[in-house]
Amino acid sequence: ELKVEQNPLFLSMQEGKNYTIYCNYSTTSDRLYWYRQDPGKSLESLFVLLSNGAVKQEGRLMASLDTKARLSTLHITAAVHDLSATYFCAVAPRGNYKLTFGKGTLLTVNP
Amino acid sequence: GAGVSQSPSNKVTEKGKDVELRCDPISGHTALYWYRQRLGQGLEFLIYFQGNSAPDKSGLPSDRFSAERTGESVSTLTIQRTQQEDSAVYLCASSELAGGINEQYFGPGTRLTVT
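Taken in sequence, the protein lines are chains P and G.
Residues 20 to 130 in the working numbering are what the first sequence lists, from first letter to last.
Residues 988 to 1102 in the working numbering are what the second sequence lists, from first letter to last.
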């Protein structure tokens, strides 16, 4: 059974600081997804990472994938309040459509 | 274009009643997924449709849960004899095809409360 672990589960940051969220998974995968969820809202797709060494950046967020280590990171640069949300990673095993989600990281950016 | 829509947005029901939750996927998306999100948790996969058939029902938690899809479009998730542990947000997603990049687009969810 595929397991996906995120850490930390809760993250309180000050504006302007940098931090990284980690996503470890337990089996071979060729697709990893990062989603953002605002309170009471649905999930918004942030990044799709498809290969070892893939790196994608959007604004203050950068995601990377190391398939050998079975690890993805979501790096936050110079955080701003608008980034406050819950961030989920999700993994699909190779050749499979089914996404398994981590428990999410609740990010709070304080002024 | 229109995204995934779900109805109702909120549903409060008494324990033991049946409920139906509806999902309208993005037009042209052949794959449709149902997930459940309990408070403070990640998403649990429930069922997947490719067209109108459901090759994977492995995530349905009990035989009280069923789902159907018609016309490669609308899907209905039915929960019979609801229990308090069924309280959760039920999210539907669709994608162009299962497999490949398979980027799933999520609807706003139905918040189900069983009293």
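Note that beta-carbon positions come from the ideal geometry of N, C-alpha and C, so glycine has one too.
Within the DSSP secondary-structure output, residue 993/G pairs in a beta bridge with 1010/G. The region 39 to 50 of chain P makes contact with the region 90 to 110 of chain P; the number of CB pairs closer than 8 Å reaches 3 or more. The alpha-carbon separation between residue 45/P and residue 73/P amounts to approximately 19 Å. Three or more Cβ pairs closer than 8 Å define a contact, and the region 1000 to 1008 of chain G falls short of that threshold against the region 1030 to 1048 of chain G. Against chain G, a Cβ distance below 8 Å from residue 50/P picks out 1088 and 1089. Between residue 112/P and residue 21/P, the CB-CB gap stays under 8 Å.
Between the C-alpha atoms of residue 1032/G and residue 85/P there is a straight-line separation of about 25 Å.
In the DSSP assignment, residue 1018/G forms a beta bridge with 1037/G and 1082/G. If you ignore the 5 residues before and after residue 68/P, its C-beta comes within less than 7 Å of the C-beta of 51, 75, 82, 84 and 91, all in its own chain and listed in chain order. Residue environment: residue 1025/G is assigned as exposed (fewer than 16 neighbouring CB atoms within 10 Å of its CB, all protein chains considered). Residues of the region 1030 to 1052 of chain G that bring their beta carbon within less than 9 Å of a beta carbon in chain P comprise 1030, 1031, 1032, 1035, 1037, 1043, 1045 and 1046, in sequence order. Spatial neighbours of residue 63/P in its own chain (CB-CB distance under 6 Å, excluding positions within 5 residues in sequence) are listed in chain order as 55. Residues of chain P with a Cβ closer than 8 Å to the Cβ of residue 1095/G are, in chain order, 60 and 61. Look at residue 1070/G here: in three-state DSSP terms it is coil, with no helix or strand label. 1102/G is the residue among 1102/G, 1081/G and 1011/G whose C-alpha sits nearest the C-alpha of residue 1068/G. Under the Cβ distance rule, residue 1078/G counts among the residues neighbouring chain P, one pair being separated by less than 8 Å. Here residue 1034/G is not near residue 1092/G, since their CB atoms are 8 Å or more apart.
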